[in-house]
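Here the structure comes first, spelled out in structure tokens, and everything after it is commentary.
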Amino acid sequence: MAEDFKGGKSEITETIVVAADHGRLDLVTALLERGEDPNTVNEIGTSALHNAAKEITGISPAFYSIAVRAGHKQIASLLLYCDSLMGDKKEEASKRELHINLRIAALLGHTEIIKLLLDHKAPTLPEPKYETALHLAAKNGHHEIYGLLLKHELDLDRYLWSRMTEPTVAVGAKDSEENTPFAYAVQNVFGKTVDVFLRIYPKLGQAFDREKAPFSHKAITLGKIEIVQVFIKHGTDVEMKGRNGNRALHVTVRAMGLYGKSVEATSEMIRLLIDSGASASLKKTQMATPLIGIPMIPRFGRYCATI
């Protein structure tokens, strides 16, 4: 226990770091009451807050070796509080630390830690072209965290109308591959995450991916009818044009021809789109209606009469 330590400051400094690593709230509390600086580090630069928030992932420690463990939330909260008492002394370093922990908590799906870090005003935006916490939550299907982060963005000091209608900077942020968070939600077929996104920002149903194609068309190409249904539920226009003038029905037929989607799945997708207002007669060029090539696709001709 803390009261048993009789060594010098270096020994106590090491102990607070290790105590945090072991989840010892009682020991960390006792050491802080004795006046220990929560920002002290060991010989390799690890602080108590690092250890309270640590989860080794095998990736470079400069970026991903720090993650907040739900079991250490009380210690992380205590150390964050002590850090805040230091005022502006380490403001920039503290912001970086908060942001790192926010991103990794989003990666690992630790909802309560996300709440804690947002309460301590953790920045949600990294440098340009870096993944945001929203990217990481969307990639991994953590829709509860995604909803928390989106609500946080809505609550920021913005004009009322833009809060209601326009995506925030964080929502529109692109990573090094030019993908937004929403792109990963669609690409990885996380229906709940897509639903949360479109419920808060319905206009994103009309947004385009890095290849200048509507995100709804991406879901069609993947053959994921459940994701397309989410888009339609939130008012996405099934007749919006994508690349080369393609509409949703064009993309559906093309996906079958190029990517080998099954006849049954393609038929179901076509019925869904037509029932939702898509026209089988609209042309992308002067010659091509969406269903013009269907009778020529093997095994599909017998389905034409039912569409």
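Using UniProt numbering, the first residue of the sequence shown is number 1, and each one after it goes up by one.
Where a beta carbon is used, it is the ideal one built from N, C-alpha and C, also for glycine.
Measure how close the beta-carbons of residue i and residue j come, nearest whole angstrom, since I'm counting them as under 8 Å.
| i | j | result |
| --- | --- | --- |
| I227 | G191 | 6 Å |
| R103 | E131 | 7 Å |
| V17 | N39 | Not a contact, Cβ separation roughly 11 Å. |
| L136 | A106 | 4 Å |
| A280 | V238 | With a Cβ gap of about 12 Å, A280 and V238 do not count as contacting. |
| V230 | L198 | 6 Å |
Would DSSP call residue i helix, strand or coil?
| i | result |
| --- | --- |
| K121 | coil |
| D237 | coil |
| V194 | helix |
| P38 | coil |
| I16 | helix |
Assuming residue i is part of the alpha helix (DSSP H), what are its boundary residues?
| i | result |
| --- | --- |
| Y130 | Unbroken run through Y130: none, as it is neither H nor E. |
| G205 | First-last for G205: undefined, no H or E at that position. |
| G147 | 143-154 |
| H217 | 215-221 |
| G109 | Counting along the chain, G109 falls outside any alpha helix (DSSP H), and DSSP gives it neither H nor E. |
| G172 | 169-172 |
| T29 | 25-33 |
| A185 | 181-187 |
What separation, rounded to the nearest whole angstrom, lies between the Cα atoms of residue i and residue j?
| i | j | result |
| --- | --- | --- |
| I113 | H142 | 13 Å |
| R34 | F208 | 57 Å |
| G223 | L154 | 32 Å |
| D275 | Y201 | 24 Å |
| M269 | E177 | 29 Å |
| residue 312 | L134 | Within the shown structure, residues of the chain are numbered from 1 to 307, placing residue 312 beyond reach of any answer. |
| K203 | A138 | 18 Å |
| F255 | H234 | The question names Phe, but residue 255 in the sequence shown is Ala. Whole-angstrom Cα-Cα distance: 23 Å. |
| K121 | I145 | 16 Å |
| A185 | V194 | 6 Å |
| V251 | I220 | 7 Å |
| L32 | P181 | 39 Å |
| V28 | G109 | 26 Å |
| E264 | H152 | 42 Å |
| I225 | N179 | 22 Å |
| A183 | L25 | 40 Å |
| N188 | N140 | 8 Å |
| T236 | A248 | 11 Å |
| T111 | H22 | 21 Å |
| L98 | L117 | 7 Å |
| D37 | A20 | 13 Å |
| N246 | K174 | 25 Å |
| A266 | V196 | Checking the sequence shown, residue 266 turns out to be Thr, not Ala. Those two C-alpha atoms are separated by around 26 Å. |
| T57 | I100 | Below a pLDDT of 50, predicted positions are generally treated as unreliable, and T57, at 35, falls in that range; no measurement from the model is reported. |
| A129 | A30 | Position check: residue 129 holds Lys in this sequence, whereas Ala was assumed. Rounded to whole angstroms, K129 to A30 spans 42 Å at the Cα level. |
| K115 | G147 | 11 Å |
| V253 | S94 | 53 Å |
| E211 | I232 | 21 Å |
Check whether chain B comes within 7 Å of residue i, counting only Cβ atoms and requiring the distance to be less than that.
| i | result |
| --- | --- |
| V41 | Among the chains of the structure shown, chain B does not appear; only one protein chain is present. |
Shorter than 6 Å, the distance from the beta carbon of residue i to the closest heavy atom of the ligand COA, or not?
| i | result |
| --- | --- |
| T132 | With respect to the ligand COA, the structure offers nothing, as it holds no ligand at all. |
If contact is defined by three or more beta carbon pairs under 8 Å, each pair taking one atom from either stretch, is the segment 209-222 in contact with the segment 238-251?
yes
Stretch-stretch touch, CB-based, cutoff 8 Å, three pairs: the segment 167-183 with the segment 124-140:
yes
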